[in-house]
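Enquirer: The sequence shown maps to residues 1 to 405 in full-length UniProt numbering. Every residue gets a Cβ at the ideal spot worked out from N, C-alpha and C, and that includes glycine. One structure, pasted below without further comment.
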Amino acid sequence: MRKAAGRQRRAAVVLPPAGGYCGRRRIGPAQWGRGYSRALPVAARYSGNDVKVDFLMARTTASGEGRKATIKDVAKLAGVSPSAVTIAVHDKPGVSSKTKERILQAARDLGWSPNQAAQSLSGRAVHTVGLAIARPARMLGLEPFYMEFISGIESVLSRHSCSLLLRLVEPEEEIEVQRGWWQGNRINGSILVDLRTDDPRIPVLSGIGLPAVVVGHPSLAGPFTSVWTDDAAATAEAVQYLAALGHRRIARVSGPEELGHSAIRSKAFGETAQQLGLTARTVVADFSADQGSRACRSLLLSPERPTAIVFDNDLMAVTALGVIAEFGLSVPHDLSVLAWDDSLLCQLTRPTLSAMQHDIFSFGADVTETLFDVMAHREAVSHAAQVPSLVPRGSTAPPPAGQRR
1 MRKAAGRQRR AAVVLPPAGG YCGRRRIGPA QWGRGYSRAL PVAARYSGND
51 VKVDFLMART TASGEGRKAT IKDVAKLAGV SPSAVTIAVH DKPGVSSKTK
101 ERILQAARDL GWSPNQAAQS LSGRAVHTVG LAIARPARML GLEPFYMEFI
151 SGIESVLSRH SCSLLLRLVE PEEEIEVQRG WWQGNRINGS ILVDLRTDDP
201 RIPVLSGIGL PAVVVGHPSL AGPFTSVWTD DAAATAEAVQ YLAALGHRRI
251 ARVSGPEELG HSAIRSKAFG ETAQQLGLTA RTVVADFSAD QGSRACRSLL
301 LSPERPTAIV FDNDLMAVTA LGVIAEFGLS VPHDLSVLAW DDSLLCQLTR
351 PTLSAMQHDI FSFGADVTET LFDVMAHREA VSHAAQVPSL VPRGSTAPPP
401 AGQRR
């Protein structure tokens, strides 16, 4: 054996007299400086007195630095077109079994595999699911709902070796974010949250063919499959519970009124209160501690101060306890407080907060399983996950005797 002729880069490589083979391609000494700088002998074949050694070649750039093999390298080595490589690696009809094996062998020899975006387009693998949330970053970290919801999502994605692409957005920019993800082959599907009444995302994203599941009532989802909690039934239960305790003046601090689930809860809150002969009022906030505090103060300063307040999330309810103390009032003797979305926060306060409870972790997992059905073109049926149930704790009690009528 002798050293290869031509320009050597980084390492001396020994070739047999007959040359080396990269896959089925023979690489002779004269070709040694043309991009093939290193070789690993992987097998020896004997033909009479001639010994042929198979080498696994590593291609380099002109600067001598190694680079990853590309689909064009595989096509050149196998003697086919790049489109034939795509067909073969994705197991599509269009090339013979012999050609396919030659292509796959070339890919193995070069250490090449299709990138994730290409695999996604082939329909054979799912790698990334998108989730855009219109929340400030600091607030998202404080809101237990989304932490539990994302945990449920991840429990399913991990089983599928899939990743979550999370983006915090302004509401008006989400359409372009989702469009860019989908058309840029960065995601295989998306979870759409915080649906608005006549949400502009629905016609645009359905129009570009984005596979998605809506977290919200079917009336908000357009052609998309939806998974939701029955907000109307849960709201009615909360109002009925407060009425049974003897409350006649109740209030609610809601999330943004343009959100679809806020509208559903507001309608159920008003209708149930009217049916029971209660005085009811809703003040709009944004789920944040600051606006929850302001809304609570405005209710406590009103001439007809309520004896019970329902908050649309746990964060606002916990913050309200401090505001109520500022007014020299006690919970639950002077004012009852009930939170939506039971969490550890509700159980750490004193008194502990009564809350509407549902399994948010399982809800996130259910949504994600449904999205996998959508992405795999299996039958995916819109369905209600569960109805939140009321968990009475120390923050609710009958109102003072003089305020029960």
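Suppose you measure from the CA of P399 to the CA of S226; what does that come to, to the nearest Å?
Expert: Position 399 of the sequence shown, counted from the start, is the residue given in the question as residue 399. Position 226 of the sequence shown, counted from the start, is the residue given in the question as residue 226. Whole-angstrom Cα-Cα distance: 40 Å.
Enquirer: First and last residue of the beta strand (DSSP E) that includes S83?
Expert: For the purposes of this step, residue 83 is taken as residue 83 along the sequence shown, with counting starting at 1. Careful: S83 lies outside any beta strand (DSSP E), inside the alpha helix (DSSP H) at 82 to 89.
Enquirer: My parser needs the beta strand (DSSP E) runs of 3 or more residues fully inside the stretch 190 to 232; what are they?
Expert: List check, beta strand (DSSP E) in window: 212 to 215, 225 to 229.
Enquirer: In or out: V80 buried (at least 16 other Cβ within 10 Å) or exposed?
Expert: To locate residue 80, count along the sequence shown from 1; it is residue 80. With 16 or more Cβ atoms within 10 Å of its Cβ, V80 is classed as buried.
Enquirer: Please report the distance separating the alpha-carbon of L195 from that of H358.
Expert: In the sequence shown, the residue the question calls residue 195 occupies position 195. In the sequence shown, the residue the question calls residue 358 occupies position 358. Going from the Cα of L195 to the Cα of H358 covers about 19 Å.
Enquirer: Using CA atoms only, rank isn't needed, just tell me which of H333, I202, G209, L335 is closest to G216.
Expert: Counting from one through the sequence shown, the residue named residue 216 turns up at place 216. Among H333, I202, G209, L335, the Cα nearest to that of G216 belongs to I202.
Enquirer: Counting only the same chain and skipping the five closest in sequence on each side, list residues whose C-beta sits under 8 Å from that of E174.
Expert: If you number the sequence shown from 1, residue 174 lands on position 174. Cβ neighbours of E174 beyond the five flanking positions: A132, A134, R201.
Enquirer: Quick check: what's the CA-CA separation for G94 versus T368?
Expert: As a position in the sequence shown, residue 94 is number 94, starting the count at 1. As a position in the sequence shown, residue 368 is number 368, starting the count at 1. Roughly 34 Å between the two C-alpha positions.
Enquirer: Any idea if S330 is buried or exposed, counting beta-carbon neighbours within 10 angstroms, 16 or more meaning buried?
Expert: For the purposes of this step, residue 330 is taken as the residue at position 330 of the sequence shown. When all chains shown are included, S330 counts as exposed.
Enquirer: Should T319 be labelled buried (16 or more other beta-carbon atoms within 10 Å of its own) or exposed?
Expert: For the purposes of this step, residue 319 is identified with residue 319 of the sequence shown, where counting begins at 1. Buried, because 16 or more other Cβ atoms sit within 10 Å of the Cβ of T319.
Enquirer: Pick helix, strand or coil for W340, following the three-state DSSP scheme.
Expert: The sequence position of residue 340 within the sequence shown is 340, counting from 1. In the structure shown, W340 sits in a strand (DSSP, three-state: E or B).
Enquirer: Would you tell me roughly how many angstroms separate the C-alpha atoms of E379 and D373, rounded to the nearest one?
Expert: Indexing the sequence shown from 1 puts residue 379 at position 379. Indexing the sequence shown from 1 puts residue 373 at position 373. E379 and D373: Cα-Cα distance of roughly 7 Å.
Enquirer: Going by alpha carbons, who is nearest to R393 out of L242, G322, S288, E304?
Expert: For the purposes of this step, residue 393 is taken as the residue at position 393 of the sequence shown. Considering only alpha carbons, the answer is L242.
Enquirer: Given that a residue counts as buried once 16 or more other Cβ atoms are within 10 Å of its Cβ, and exposed if not, what is H127?
Expert: One-based indexing of the sequence shown puts residue 127 at position 127. Buried is the call here.
Enquirer: Please confirm whether P211 has its beta-carbon closer than 8 Å to some beta-carbon of chain B.
Expert: Chain labels in this structure do not include chain B; a single protein chain is all it has.
Enquirer: What does a CB cutoff of less than 7 Å around F145 pick up in its chain, not counting 5 residues either side in sequence?
Expert: As a working mapping, residue 145 is identified with position 145 in the sequence shown. So the qualifying residues of the chain are N313, D341, I360.
Enquirer: May I ask which residues mark the beginning and end of the beta strand (DSSP E) holding G322?
Expert: Translated into positions along the sequence shown, residue 322 becomes position 322. Per DSSP, G322 belongs to no beta strand (DSSP E); it is in the alpha helix (DSSP H), 314 to 326.
Enquirer: By the DSSP assignment, the alpha helix (DSSP H) with R281 in it spans what residues?
Expert: On the sequence shown, residue 281 is found 281 positions in, with the first residue counted as 1. Run containing R281: none in the alpha helix (DSSP H); it sits in the beta strand (DSSP E), 279 to 284.
Enquirer: In the DSSP assignment, find the beta strand (DSSP E) that holds A385 and state where it starts and stops.
Expert: Locating residue 385 in the sequence shown gives position 385, counting from the first residue. Segment 383 to 386, the beta strand (DSSP E) holding A385.
Enquirer: At the level of alpha carbons, what is the spacing between A385 and S163?
Expert: The residue given as residue 385 occupies position 385 in the sequence shown. The residue given as residue 163 occupies position 163 in the sequence shown. In a straight line, the C-alpha of A385 is about 23 Å away from that of S163.
Enquirer: Use the C-beta contact count for E143: other C-beta atoms within 10 angstroms, 16 or more gives buried, fewer gives exposed.
Expert: Your numbering for residue 143 matches position 143 in the sequence shown. Buried: at least 16 other Cβ atoms inside 10 Å.
Enquirer: Would A88 and K100 qualify as a contact pair, given that the criterion is a beta-carbon distance under 8 Å?
Expert: One-based indexing of the sequence shown puts residue 88 at position 88. One-based indexing of the sequence shown puts residue 100 at position 100. Going by C-beta atoms, A88 is nearer than 8 Å to K100.
Enquirer: Measuring CB atoms only, is the stretch 245 to 263 touching the stretch 181 to 200, in the sense that at least three cross pairs come out at less than 8 Å?
Expert: Flag = yes, the stretch 245 to 263 and the stretch 181 to 200 touch.
Enquirer: Taking 7 Å as the cut-off, is the C-beta of W340 nearer than that to any heavy atom in the ligand FMN?
Expert: In the structure on display, the ligand FMN does not appear, and there are no ligands present to speak of.
Enquirer: Are P306 and L315 close, meaning C-beta to C-beta below 8 Å?
Expert: What you label residue 306 is simply residue 306 of the sequence shown in a count that begins at 1. What you label residue 315 is simply residue 315 of the sequence shown in a count that begins at 1. No, these two residues do not count as a Cβ contact at 8 Å.
Enquirer: Just the Cα atoms here: how many angstroms apart are Q274 and S389?
Expert: Residue numbering aside, residue 274 sits at position 274 when the sequence shown is read from its first letter. Residue numbering aside, residue 389 sits at position 389 when the sequence shown is read from its first letter. Those two C-alpha atoms are separated by around 22 Å.
Enquirer: Output the boundary residues of the beta strand (DSSP E) element that contains F166.
Expert: If you number the sequence shown from 1, residue 166 lands on position 166. According to the sequence provided, residue 166 is Leu. The question's Phe does not apply to it. Looking at the DSSP string, the run of the beta strand (DSSP E) that includes L166 is 163 to 168.
Enquirer: Among the candidates G141, G255, V239, whose CA atom is the shortest distance from the CA of R248?
Expert: Residue numbering aside, residue 248 sits at position 248 when the sequence shown is read from its first letter. Measuring from the Cα of R248, the nearest candidate turns out to be V239.
Enquirer: Between which residues of its own chain and L168 is the CB-CB distance below 8 Å, once the five residues before and five after are set aside?
Expert: Numbered from 1 along the sequence shown, position 168 holds the residue referred to as residue 168. The residues are A132, I133, A134, R135, P136, A137, L140.
Enquirer: For residue 431, does the count of other Cβ atoms within 10 angstroms reach 16, so buried, or fall short, so exposed?
Expert: In the structure displayed, the chain extends from 1 to 405; residue 431 sits before or after that span and is not available.
Enquirer: Here's the rule: buried if 16 or more other CB atoms are within 10 angstroms of the residue's CB, otherwise exposed. What is T272?
Expert: Working through the sequence shown from its first residue, we reach residue 272 at position 272. Per the 10 Å Cβ criterion, buried.
Enquirer: For I153, which three-state DSSP category applies?
Expert: Numbered from its first residue, the sequence shown carries residue 153 at position 153. Of the three classes helix, strand and coil, the one that applies to I153 here is helix, per DSSP.
Enquirer: Can you tell me whether V213 is buried or exposed, with buried defined as 16 or more other CB within 10 angstroms of its CB?
Expert: Your numbering for residue 213 matches position 213 in the sequence shown. Flag for V213 reads buried.
Enquirer: Identify the continuous beta strand (DSSP E) that holds V74 and give its terminal residues.
Expert: Residue mapping note: residue 74 aligns to position 74 of the sequence shown, counting from 1. Unbroken run through V74 is the alpha helix (DSSP H), 71 to 78; no beta strand (DSSP E).
Enquirer: Using the three-state DSSP reduction, which class does S395 fall into: helix, strand or coil?
Expert: Numbered from 1 along the sequence shown, position 395 holds the residue referred to as residue 395. Coil, per DSSP.
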